[in-house]
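End of the sequence shown = 339 in my numbering, gap-free, step of one. Note that the Cβ used here is the ideal one computed from N, Cα and C, for glycine as well. All figures in this text were calculated on a predicted structure; none of them were measured in a lab. Everything below concerns the one structure shown next.
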Amino acid sequence: EGDRQNNSNSNDPIEIWDLGCGAGRDVCYLAEQIQRLLHNSTCSSSNHHLEQQHRRCQNNNTVTILGIDNHKGSAQRCEPLWKNRGVGSPWTKALNLNLNKLDLVQQQLLLKQQHQDAA
Numbered sequence: 221e222g223d224r225q226n227n228s229n230s231n232d233p234i235e236i237w238d239l240g241c242g243a244g245r246d247v248c249y250l251a252e253q254i255q256r257l258l259h260n261s262t263c264s265s266s267n268h269h270l271e272q273q274h275r276r277c278q279n280n281n282t283v284t285i286l287g288i289d290n291h292k293g294s295a296q297r298c299e300p301l302w303k304n305r306g307v308g309s310p311w312t313k314a315l316n317l318n319l320n321k322l323d324l325v326q327q328q329l330l331l332k333q334q335h336q337d338a339a
């Protein structure tokens with residue numbers, strides 16, 4: 221966490237992964253809590269910086285929660301739940317990935333890192 225604080229801009233996007241997300245309930249809960257936290261912090265403060273942070277998060281350029289699962293039907297179960305609860309895209313995304321194959325998971329991590337380095 222210290223490295224992230226020292227080497228990253230506060231405007232850098234954050235992607236949170238839930239490995240083995242199943243039906244996506246944990247992803248949904250986390251997204252709802254982040255939205256609530258951002259909403260409460262902006263409503264209880266007139267701080268201009270917090271208002272800017274809230275607007276950026278509403279426009280989804282700061283936080284994305286990625287639900288990853290082996291099961292091919294996982295995304296079809298997750299996405300309607302997320303949308304119904306108000307935390308669908310762009311807050312949440314689903315990915316089908318064989319988590320039993322470590323090389324595939326490592327490739328996905330490397331792709332994310334390369335994308336961040338290029339930005």
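How many Å lie between residue i and residue j at the Cα?
{"i": "aspartate 337", "j": "proline 233", "result": "12 Å"}
{"i": "isoleucine 285", "j": "tryptophan 237", "result": "6 Å"}
{"i": "leucine 331", "j": "aspartate 246", "result": "24 Å"}
{"i": "histidine 248", "j": "glutamine 334", "result": "Just to set this straight, residue 248 is cysteine in the shown sequence, not histidine. So the alpha carbons of these two residues sit roughly 27 Å apart."}
{"i": "alanine 295", "j": "asparagine 320", "result": "18 Å"}
{"i": "valine 325", "j": "histidine 291", "result": "15 Å"}
For the beta strand (DSSP E) that contains residue i, what are its first and last residues?
{"i": "aspartate 238", "result": "234 to 239"}
{"i": "leucine 319", "result": "Counting along the chain, leucine 319 falls outside any beta strand (DSSP E), and DSSP gives it neither H nor E."}
{"i": "valine 283", "result": "283 to 289"}
Could you give the first and the last residue of the continuous alpha helix (DSSP H) run that contains residue i?
{"i": "alanine 314", "result": "From DSSP, alanine 314 is part of no alpha helix (DSSP H) but of the beta strand (DSSP E) over 312 to 316."}
{"i": "leucine 331", "result": "322 to 338"}
{"i": "leucine 301", "result": "294 to 304"}
Thinking just about the alpha-carbon of each residue, which of the options is nearest to the one in residue i?
{"i": "aspartate 289", "options": "Trp311, Asn316, Lys303 and Gly308", "result": "Asn316"}
{"i": "lysine 313", "options": "Gln333, Leu319, Lys303 and Gln327", "result": "Lys303"}
{"i": "glutamine 253", "options": "Asn318, Trp311 and Leu329", "result": "Trp311"}
{"i": "glycine 242", "options": "Gln327, Asn318, Leu329 and Gly287", "result": "Gly287"}
Taking the CB atoms as reference points, tell me whether residue i and residue j lie closer together than 8 Å.
{"i": "cysteine 297", "j": "glycine 240", "result": "Checking the sequence shown, residue 297 turns out to be arginine, not cysteine. Result no, Cβ atoms of arginine 297 and glycine 240 do not sit closer than 8 Å."}
{"i": "asparagine 308", "j": "glutamate 299", "result": "In the sequence as presented, asparagine is not what sits at residue 308; that position holds glycine. For glycine 308 and glutamate 299, yes; Cβs fall inside 8 Å."}
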